[in-house]
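Counting from 1, one number per residue, gives the positions in the sequence shown under the UniProt record's numbering.
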Amino acid sequence: MALQYLSDASGKPTAVVIPIKEWEMLKKRHQDLQQLEKSNSSWKKKPSDFAGTLPADIAEAMQNHVAQSRNEWDRL
1 MALQYLSDAS GKPTAVVIPI KEWEMLKKRH QDLQQLEKSN SSWKKKPSDF
51 AGTLPADIAE AMQNHVAQSR NEWDRL
(Lines of atoms letter the chains of each structure in order from A and count residues from 1; the text may use other names and numbers.)
(Lines give C-alpha, C1' and ligand atoms only; values in the text may rest on other atoms or scores of the structure.)
Protein backbone atom coordinates (compact mmCIF):
# COMPACT_ATOMS: atom_id res chain seq x y z
CA MET A 1 0.00 0.00 0.00
CA ALA A 2 1.50 3.34 -1.05
CA LEU A 3 0.76 5.77 1.77
CA GLN A 4 1.45 9.49 1.73
CA TYR A 5 2.28 11.27 4.95
CA LEU A 6 1.33 14.90 5.44
CA SER A 7 3.26 17.03 7.88
CA ASP A 8 3.09 20.53 9.32
CA ALA A 9 5.65 23.30 8.80
CA SER A 10 7.92 21.84 11.47
CA GLY A 11 7.95 18.41 9.83
CA LYS A 12 5.67 16.74 12.40
CA PRO A 13 3.38 14.15 10.71
CA THR A 14 -0.25 15.26 10.87
CA ALA A 15 -2.13 12.91 8.51
CA VAL A 16 -1.92 9.90 6.22
CA VAL A 17 -3.39 9.70 2.71
CA ILE A 18 -4.55 6.26 1.60
CA PRO A 19 -5.17 5.55 -2.10
CA ILE A 20 -8.91 5.33 -2.77
CA LYS A 21 -8.75 1.73 -4.03
CA GLU A 22 -7.15 0.58 -0.80
CA TRP A 23 -9.65 2.63 1.23
CA GLU A 24 -12.55 0.91 -0.54
CA MET A 25 -11.00 -2.52 0.18
CA LEU A 26 -10.51 -1.60 3.85
CA LYS A 27 -14.15 -0.50 4.13
CA LYS A 28 -15.30 -3.83 2.69
CA ARG A 29 -13.23 -5.75 5.24
CA HIS A 30 -14.08 -3.59 8.24
CA GLN A 31 -17.73 -2.70 8.77
CA ASP A 32 -16.82 -0.20 11.50
CA LEU A 33 -15.13 2.00 8.89
CA GLN A 34 -18.37 2.15 6.92
CA GLN A 35 -20.19 3.32 10.05
CA LEU A 36 -17.52 5.93 10.69
CA GLU A 37 -17.92 7.32 7.19
CA LYS A 38 -21.72 7.49 7.58
CA SER A 39 -21.50 9.34 10.88
CA ASN A 40 -19.04 11.89 9.49
CA SER A 41 -21.29 12.79 6.56
CA SER A 42 -23.87 14.36 8.89
CA TRP A 43 -21.58 17.20 9.99
CA LYS A 44 -20.60 18.28 6.49
CA LYS A 45 -22.10 21.64 5.65
CA LYS A 46 -22.99 22.99 2.26
CA PRO A 47 -21.98 26.53 1.32
CA SER A 48 -25.67 27.41 1.16
CA ASP A 49 -25.90 26.71 4.92
CA PHE A 50 -23.83 29.84 5.45
CA ALA A 51 -25.79 32.09 3.08
CA GLY A 52 -27.42 35.17 4.48
CA THR A 53 -27.14 38.91 4.76
CA LEU A 54 -25.03 41.15 6.91
CA PRO A 55 -26.57 43.79 9.13
CA ALA A 56 -26.32 47.20 7.46
CA ASP A 57 -23.91 48.63 10.05
CA ILE A 58 -21.46 45.75 9.68
CA ALA A 59 -21.65 45.90 5.87
CA GLU A 60 -20.98 49.64 5.95
CA ALA A 61 -18.03 49.17 8.32
CA MET A 62 -16.57 46.56 5.98
CA GLN A 63 -16.98 48.84 2.96
CA ASN A 64 -15.30 51.69 4.85
CA HIS A 65 -12.39 49.41 5.76
CA VAL A 66 -11.96 48.35 2.13
CA ALA A 67 -12.02 51.98 0.97
CA GLN A 68 -9.48 52.96 3.64
CA SER A 69 -7.21 50.08 2.63
CA ARG A 70 -7.36 51.13 -1.02
CA ASN A 71 -6.53 54.73 -0.08
CA GLU A 72 -3.48 53.53 1.83
CA TRP A 73 -2.24 51.70 -1.25
CA ASP A 74 -2.75 54.80 -3.40
CA ARG A 75 -0.50 56.81 -1.07
CA LEU A 76 2.41 54.40 -1.52
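All C-beta atoms, glycine included, are put in the ideal place defined by N, C-alpha and C. Values in this document were obtained by computation on a predicted structure and should not be read as measured data.
Checklist entry - Which whole-angstrom value is the C-beta distance of residue 36 and residue 26, which I expect to be below 8 Å? => result Within the sequence shown, residue 36 is the residue found at index 36, counting from 1. Within the sequence shown, residue 26 is the residue found at index 26, counting from 1. Going by Cβ atoms, the distance from residue 36 to residue 26 rounds to 11 Å, so no, they are not a contact pair.
Checklist entry - From which residue to which residue does the beta strand (DSSP E) around residue 6 run? => result The sequence position of residue 6 within the sequence shown is 6, counting from 1. 4-7 is the span of the beta strand (DSSP E), which, as asked, contains residue 6.
Checklist entry - Which stretch, first to last residue, makes up the alpha helix (DSSP H) that contains residue 20? => result Taking the first residue of the sequence shown as position 1, residue 20 is located at position 20. 20-29 is the extent of the alpha helix (DSSP H) around residue 20.
Checklist entry - Can you give the beta carbon distance from residue 14 to residue 6, rounded, assuming they're within the 8 Å contact cut? => result The residue given as residue 14 occupies position 14 in the sequence shown. The residue given as residue 6 occupies position 6 in the sequence shown. Their Cβ separation, rounded to whole angstroms, is 5 Å, which keeps residue 14 and residue 6 in contact under 8 Å.
Next on the checklist: Between 31, 1, 11, 10, which has its C-alpha nearest residue 18's C-alpha?
Outcome noted: For this step, residue 18 is matched to residue 18 along the sequence shown. Closest option to residue 18, Cα to Cα, is 1.
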